[in-house]
Each structure stands twice: as C-alpha cells, then as structure tokens.
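Numbered per the working numbering, the first sequence spans residues 33 to 596.
Yeah, the Cβ is synthetic: ideal placement off N, Cα and C, and Gly gets one too.
As the structure is a prediction and not an experimental result, all values here were calculated from the model.
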Amino acid sequence: MTSPEPSSSSHFIRNIIAEDIQSCKYDRPIMTRFPPEPNGYLHMGHAKSICLNFGIAAEFGGVCNLRFDDTNPGKEDIEYVTSIQEDVRWLGFDWGDRLHYASDYFERLYDFALQLIRLGKAYVCSLNADQIREYRGALTRPGQDSPYRNRSVEENLDLFARMRAGEFPDGAHVLRAKIDMASPNMVMRDPTIYRIRHASHHRTGDTWCIYPMYDFTHCLSDAIEGITHSICTLEFENNRPLYDWVLNTLAVACHPQQIEFARLNLTYTVLSKRKLIELVNKRCVSGWDDPRMPTISGIRRRGYPPAAIRNFCERIGVAKKDSTVDMALLEHCVREYLNERAPRVMAVLHPIRVIIDNFPENQVELLEAPYHPDNPDMGSRNLPFSRVLYIEADDFMEDPPKKFYRLAPGREVRLRYAYFIRCESVVKDPATGNIVELHCTYDSETRGGGAPDGRKVKATLHWVSASHAANATIRMYDHLFTRPDPDGDKNGADFTSFINPSSLETLTDCRIEPDLAAASPASHYQFERLGYFFTDPVDSVTGAPVFNRTVTLKDEWTKIRNQK
RNA sequence: UGGGGCGUCGUCAAGCGGUAAGACACAGGAUUUUGGUUCCUGGAUUCGGAGGUUCGAAUCCUCCCGCCCCAGCCA
C-alpha cells in the first residue's frame, strides 16, 4: 500500500533551504542528518524530525544521513541502534550507505581536541563535578575561572594524553573549552568537552576511556560529514553559539547551519524518552511496542500505516512555537488512509443471538458482499446466512430513546448485504433478566438488502452467522491517558496517575466472519461500523486471530448518546 | 534578577506594509445498504496588550504582559 505524498506547504526551514539553493550557497546538494542517541526507542516526536530531515533533503535533491550520536556508553545499547534503524526504514526512509556513528569519529575528535589545546582554547580541569558547578556561577551571576584554566599547553597535552591512556579514574579530570566564564549564556562558560568514563562502549568496546560531549561531537560530526543544514529542536538554541565557536575556532572547512524547530507534543500521551522508559520499566505498558505507546514500534503494532504518519508530519507543519497537536489529527490521518484501502469485513464484538424464526432450519444461503463499497476492484466474498445469527449487543435496545434507530421490539432493520429483519420477541434469562436471544422474522423479498417495494429502514447492522463464525480475540485500544495534558497537572501529580484504566480492553469472545480466521498477521481491515483493526504481528496466528483496534470510525451515535 | 526563543480561530498553521489561507475539531444541512465515506454551509471586524509611524499595520517602532529553554563530567 503506497500513498501519494501530500503536497507540501511552506515553512521557515523549507524557505531557508530554498533560498540557499536559490542563492547558490552550496556547490553541492544539500545534506541533512537524523542524529538519534541510541538510548531509547523512537517516538512520534522523532517521526516529525525524521520526516523533516529526510523529507526536505529528498525534496531538494539532497540526501540525509543516519547518524548515531553514541557518545555516552553508560546509557546506550545495541538494542536501540537496531530498533532505530528498523523504525526509520519502516517510516519509509533510506539513508543509503550513509549510516554513521559519532563513535567512528572518536580518533578524529581526539585530534581536534588536541588542536584546541595547542590553540590555547582548551584545558584540562581538575575540579570535581561539584566544584565545576560552583565555579560556573548562576543565571544572574557570572562564573569564576577555574584555577586550572591557565595550565600550559604542554601540561594540558600531557594530562589529556594520560586521560586517554587510562591513568586516571572517572571524574579526576575533564577537558574544557576555554571560552568565557562570565558569558550570559551558561553554555559558553567553559563547557566540558571530554570526560573520563571507564565504560565499555557498544561499538568501540574498551578502546576508549574518555568520551567527547555532545557540544563538541555534534558540530564536528556534522562538519566531517559535510552536512549543510543541521536541524534540531528548540532546546539547542542556547547551544548554537557553542556549535559555531567550535567550528570557527578549529577553522574546519565545512560549517553547517544549525536551525531549530519546536518539538512535537501530542494530546493524551507523553513524548519524552524519560517518561516512555518509565512506562516500560514500571510495567504500565507491555513494552516499547505496546500499541498504546506513541513509539514508532507501538503505533506500527497498533496498525498506523507509515504513509499516514508521513502525512501527519507534513500537516502539522514546522515552526518555532511550542505546540501541542490534537491526537484527533493523527487519528484523522490514519482513518483517511485506511478508509481508501482497508477491506470491509464483519465482526461482532459483543454477540447477541438472533433467531430468524421464518428462515428454514439447516438452510444456508451465500450472500455476496463487496470488500469496499466505493471500490469494486477490491472484489467481494460470499457470506453464509442461516437461521441463527449474531448481532452486536449495542445494536438492540428493548426500550430505545428517540434518536436510537437500530433494532428494537417490533422494529425492522437491514442486515448488511443480507435481509431486512423484524424483531418479534425478546427472550430473557428469568433468573438474571439478561437478554438471551432475539426472535426475528426476515423478509425474503429483501435479499441482498434492497426492498423491492421501496420500503425504507433506518439502520443497517453488521452480523455473522452463528454456526459459521470463527472466534477471535480483539484488543480495544484507547488513549493511554485520561487527560489531554498528562504532565501538565497544576497540583504536580505524576503523569502516571492519569493512565487511562480503559486504554486496553481485551475481548476474547468475538465472532468474526469465516474467512477472517485465516487473516494473515499485520493486515488492515475495517470491521464495518466499528473501526479499523490490524492483525497483531506478534500474537495473531492463523486459526486464532488477534486483532488490535487501530482507530474507531467516527461515530455520530456515541456522540448523541453521550450528550444526552 | 542574566541570556536565548516564542505569542494569529478550541488545536496546529499560512501571512513578511495593501486590508486575516488551509487543516483538524466543532455546529448545521444533503446524499448514503457502514449513525462510515462523500458533499455543501457556518464561523478570528481581528492577529498577547497599550501607544506610535503610515493614506493604509498581524506585518515597521516603543513600552508592557505571558509562556518555553539554559546553572549534566546527558543529548
């Protein structure tokens, strides 16, 4: 299933790049990069960045690199580098042979650090972490120079070499850029650029015991790769002067332009690695790929198509204003995509037995039902119709309110692609008072669902033949949180206290039309009148299908019922 | 109280001195064998506020207000 990409609208980053191309600022194609740290799974916020970086490069005839910003061995893991590649690929993007790791540049980065020292622009500082913080001053108070700030180049060179050689324990020294301890920008107060970490790195093993910091690594990695536009999120705006300082001081040939945009926030969920990892660790969800998670692996398992995600990312735009996008827009994009291509089938979630009294016992009729009402090319299947059926419990009311126009005693409705039926009587369990079954009669003249006499009926119900239906497990997913802003509580309540207790309801006694028992994993369906469902790629097996509700259909009736 | 950003419909978001696009959401209505889809229609006299410049301001100037980011040897 491929979908035409939406036409793009203008946003400031697109404008900047268009102007740069217009003015021939570069003598080569533009190059962007998506630079995740492999310390967690990718989520919708990353999807925005991925679509932006890969999308805009492709749009202007350039390329986008995938680069792992793996400079902190303590937090990173190979599991994440694997999942990240899978997720980016699934979203539909290709980095070709441009898969990079900041760790591949460690040797060059070390040389750059040496250069900085020789330039007198970096020094080994032997203050401990607490002391460095004290010396840094505060927002409204300038910092003080480190007593080690004026070590000689020779001493710095010697110390730094010994740091690399492993002569010192963690924390004994750091390498700092010598900039300005009185800068109003905290980032510029002699930032640490190397620290000692006797830790095994997932790629370089024990080769290194000193690791470069983000501010030093990122700009140089960009420069090494020849990035033209280094797009990142707003919180790095304060770091841009440092980005530029490093590249200018080292006089590297390539000096990419850093551009910041606002990160994505979505209602009814959280989008921060820290919070997502907390949900996983506290077992609030089944894992990173729980279909309720806003992770790429979660929405993939939920059944959100990659093209719908791309469309969403285009529609939300790119700007510098902090914003929270309505989850309804994401859901709209998913429905819009699936509406066109998901085959329609019938499934009864909460079955209630219906006996067609005037339908011959043991008789089975095959009724043709198209897979898509607006697209005959999708074909059709034959549905068995017999004397005993199941319909949705919600579709019958013994004492219906005025706006309810489904089945009720004495009322006639249509069974989709089958017959008109009329409810003649209701059988209840004398002990509990619960409805056991409905007795109905059908009109044989209405075969296929049309009435030759032009008689109208107000509702069309989905149904399934009791003896032919298969069983299925269906997972009804809803928003993970009950509040649109789970982490914006005024009283400071933890976001986990707003987890929606009904975010997952597992139905194990659902009846589905016969062919659906053999549904292959990872396929999309629309269960008529209910929503879009996706065969779970992990748990669904032929003969015992498991469906995940991807998203509901828009539902006028629920709206009416809820407002009364 | 320092520095850096940002404030246009309920939510995103165009607009860049010539008289407020679009999308989602919402509300009506039409068509409909999914209360689905599709299709019309409705909505910011106004752009955080107040002044000013101008024939003309969301767009320029001034002041004010609000929100976000920065004091990791995280990214």
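Discussion item. Between Asn-271, Gln-176, Ser-158, Met-195, which has its C-alpha nearest Arg-183's C-alpha?
Written reply: The residue you call residue 183 lines up with position 151 of the first sequence. The shortest Cα separation from Arg-183 among Asn-271, Gln-176, Ser-158, Met-195 belongs to Ser-158.
Worksheet item: With C-beta atoms as the reference, is Thr-582 less than 8 Å away from Phe-566?
Response: By 1-based counting over the first sequence, the position of residue 582 is 550. By 1-based counting over the first sequence, the position of residue 566 is 534. Contact: yes.
Item to complete: Would you list, in sequence order, the uninterrupted beta strand (DSSP E) runs of no fewer than 3 residues that lie entirely inside the stretch 357 to 436?
Response: 383 to 388, 397 to 402, 412 to 417, 420 to 424
Worksheet item: Nearest CA to the CA of Lys-314: which residue from Thr-528, Gly-152, Pro-338?
Response: Stepping through the first sequence from its first residue, residue 314 is reached at position 282. Closest by alpha carbon: Thr-528.
Worksheet entry | Sub-8 Å separation of Val-380 and Arg-543 beta-carbons | Taking the first sequence and counting its residues from 1, the one referred to as residue 380 is at position 348. Taking the first sequence and counting its residues from 1, the one referred to as residue 543 is at position 511. Contact annotation: Val-380 and Arg-543 have beta-carbon atoms nearer than 8 Å.
Worksheet entry | Residue range of the alpha helix (DSSP H) that includes Pro-338 | Position 306 of the first sequence, counted from the first residue, corresponds to residue 338. Here the alpha helix (DSSP H) through Pro-338 covers 338 to 347.
Practice prompt. Starting from Phe-565, follow the beta strand (DSSP E) in both directions and report where the run begins and ends.
Written response: For the purposes of this step, residue 565 is identified with residue 533 of the first sequence, where counting begins at 1. 563 to 567 is the extent of the beta strand (DSSP E) around Phe-565.
Worksheet item: With 16 as the cutoff for other CB atoms within 10 Å, does Lys-210 come out buried or exposed?
Response: As a working note, residue 210 is residue 178 in the first sequence. By the neighbour-count rule (16 or more Cβ atoms within 10 Å), Lys-210 is buried.
Worksheet item: What three-state label does DSSP hand Gln-163 in the structure shown?
Response: Along the first sequence, read from residue 1 onward, the residue named residue 163 stands at position 131. In this structure, Gln-163 counts as helix in the three-state DSSP scheme.
Worksheet entry | Alpha-carbon spacing of Phe-200 relative to Thr-239, whole angstroms | The residue you call residue 200 lines up with position 168 of the first sequence. The residue you call residue 239 lines up with position 207 of the first sequence. C-alpha separation (whole angstroms): 15 Å.
Worksheet item: In this structure, does DSSP put Pro-38 in helix, strand or coil?
Response: As a first step, residue 38 must be located in the first sequence, where it is residue number 6. Because Pro-38 carries a pLDDT of 41, less than 50, the predicted location of this residue cannot be relied on, and no value is offered for it.
Discussion item. Using the Cβ count rule (16 or more neighbours within 10 Å means buried), how would you classify Ile-331?
Written reply: Translated into positions along the first sequence, residue 331 becomes position 299. Classification of Ile-331: buried, given that the 10 Å Cβ count is 16 or more.
Discussion item. Tell me which residues share the same chain as Val-468 and place their Cβ nearer than 8 Å to its Cβ, disregarding the 5 neighbours each side in the sequence.
Written reply: Mapped onto the first sequence, residue 468 falls at position 436. Contacts found: Arg-385, Val-459, Lys-460, Asp-461.
Worksheet item: With a CB to CB cut of under 6 Å and the five nearest residues on each side skipped, what residues in its chain are close to Ala-374?
Response: Here residue 374 refers to the residue found at position 342 when the first sequence is read from its first residue. For Ala-374, where only same-chain residues beyond five positions count, the Cβ hits under 6 Å are His-556, Tyr-557, Gln-558, Tyr-564.
Discussion item. Assuming contact is defined by CB atoms lying nearer than 8 Å, are Thr-64 and Gly-94 in contact in what I supplied?
Written reply: Here residue 64 is taken as the residue at index 32 of the first sequence, counted from 1. Here residue 94 is taken as the residue at index 62 of the first sequence, counted from 1. Contact: yes.
Discussion item. Can you give me the C-alpha to C-alpha distance between His-78 and Gly-486, rounded to a whole angstrom?
Written reply: Residue 78 sits at position 46 when you count from the first residue of the first sequence. Residue 486 sits at position 454 when you count from the first residue of the first sequence. Here the alpha carbons of Gly-486 and His-78 stand approximately 55 Å from one another.
Worksheet item: From the DSSP output, which residues share a beta bridge with Tyr-243?
Response: Within the first sequence, the letter at position 211 stands for residue 243. Looking at the DSSP assignment, Tyr-243 forms a beta bridge with Arg-227.
Worksheet item: Which runs of the beta strand (DSSP E) spanning at least 3 residues fall entirely within the stretch 463 to 545, listed in chain order?
Response: 467 to 475, 495 to 497, 502 to 509, 536 to 544
Fill in: Rounded separation between Ile-592 and Lys-435 - CA only
Sequence index remark: in the first sequence, residue 592 carries index 560 (1-based). Sequence index remark: in the first sequence, residue 435 carries index 403 (1-based). So the two alpha carbons sit approximately 8 Å from each other.
Worksheet item: Are the beta-carbon atoms belonging to Ala-134 and Asp-101 less than 8 Å from one another?
Response: Start at 1 with the first residue of the first sequence, and residue 134 comes out as number 102. Start at 1 with the first residue of the first sequence, and residue 101 comes out as number 69. Yes, the pair counts as a contact, with Cβ atoms nearer than the cut-off.
Worksheet item: Measuring CB to CB, does Ile-514 end up less than 8 Å from Arg-446?
Response: Position 482 of the first sequence, counted from the start, is the residue given in the question as residue 514. Position 414 of the first sequence, counted from the start, is the residue given in the question as residue 446. The amino acid occupying residue 514 in the given sequence is Thr; Ile does not appear at that position. With contacts defined by Cβ atoms closer than 8 Å, Thr-514 and Arg-446 do not form a contacting pair.
Worksheet item: Three-state secondary structure (DSSP) at Arg-150?
Response: Taking the first residue of the first sequence as 1, we reach residue 150 at position 118. Three-state DSSP puts Arg-150 in a helix.
Practice prompt. State the start and end residues of the unbroken alpha helix (DSSP H) segment that holds Ile-309.
Written response: Taking the first residue of the first sequence as 1, we reach residue 309 at position 277. It spans 305 to 313 - the alpha helix (DSSP H) in which Ile-309 sits, taken as one unbroken run.
Practice prompt. Please report how far the alpha carbon of Asp-426 lies from the alpha carbon of Asp-247, in whole angstroms.
Written response: Looking up residue 426 in the first sequence gives position 394. Looking up residue 247 in the first sequence gives position 215. In a straight line, the C-alpha of Asp-426 is about 58 Å away from that of Asp-247.
Worksheet item: What do you reckon, are the CB atoms on Pro-546 and Asp-568 nearer than 8 Å?
Response: The sequence position of residue 546 within the first sequence is 514, counting from 1. The sequence position of residue 568 within the first sequence is 536, counting from 1. Against a cut-off of 8 Å, the Cβ pair of Asp-568 and Pro-546 comes out as no contact.
Worksheet item: In this structure, does DSSP put Gly-237 in helix, strand or coil?
Response: In the first sequence, counting from the first residue as 1, residue 237 sits at position 205. Residue state, collapsed to three classes: strand.
Worksheet item: Hey, Tyr-474 and Ile-506: beta-carbon distance below 8 Å or not?
Response: If you number the first sequence from 1, residue 474 lands on position 442. If you number the first sequence from 1, residue 506 lands on position 474. No; because the gap between Cβ atoms is not below 8 Å, this pair is not in contact.
Worksheet item: Among residues of its own chain, excluding the 5 on either side of Leu-439, which ones have a beta-carbon nearer than 6 Å to its beta-carbon?
Response: On the first sequence, position 407 is the one that residue 439 refers to. Closer than 6 Å at the Cβ level, and outside the excluded window around Leu-439, lie Asp-427, Phe-428, Val-445, Cys-455.
Worksheet item: Going by the beta-carbon positions, is the gap between Arg-518 and Val-312 smaller than 8 Å?
Response: Position 486 of the first sequence, counting from 1, holds the residue named residue 518. Position 280 of the first sequence, counting from 1, holds the residue named residue 312. Reading off the sequence shown, one finds Pro at residue 518, where the question assumed Arg. Contact check for Pro-518 against Val-312 fails: the beta carbons are separated by 8 Å or more.
Worksheet item: In angstroms, rounded to a whole number, what distance separates the CA positions of Leu-191 and Val-278?
Response: To locate residue 191, count along the first sequence from 1; it is residue 159. To locate residue 278, count along the first sequence from 1; it is residue 246. Distance between the alpha carbons of Leu-191 and Val-278 is about 21 Å.
Discussion item. By the DSSP assignment, the beta strand (DSSP E) with His-132 in it spans what residues?
Written reply: Here residue 132 refers to the residue found at position 100 of the first sequence. Annotation for His-132: the continuous beta strand (DSSP E) segment containing it runs 131 to 133.
Worksheet item: Along the chain, where does the beta strand (DSSP E) that runs through Tyr-557 open and close?
Response: Along the first sequence, one-based indexing puts residue 557 at 525. Where Tyr-557 is concerned, the enclosing beta strand (DSSP E) stretches over 556 to 559.
Worksheet item: How many Å lie between Leu-370 and Val-496 at the Cα?
Response: Start at 1 with the first residue of the first sequence, and residue 370 comes out as number 338. Start at 1 with the first residue of the first sequence, and residue 496 comes out as number 464. When rounded, the distance between both Cα atoms is 23 Å.
Worksheet item: From Val-578 to Ala-502, what does the alpha carbon distance come to, in whole angstroms?
Response: Position 546 of the first sequence, counted from the first residue, corresponds to residue 578. Position 470 of the first sequence, counted from the first residue, corresponds to residue 502. Whole-angstrom Cα-Cα distance: 12 Å.
Worksheet item: Does the stretch 259 to 279 come close enough to the stretch 215 to 223 that 3 or more CB-CB pairs lie under 8 Å?
Response: yes
Practice prompt. Evaluate contact between the stretch 330 to 348 and the stretch 277 to 295, counting only Cβ atoms and requiring at least three cross-stretch pairs below 8 Å.
Written response: no
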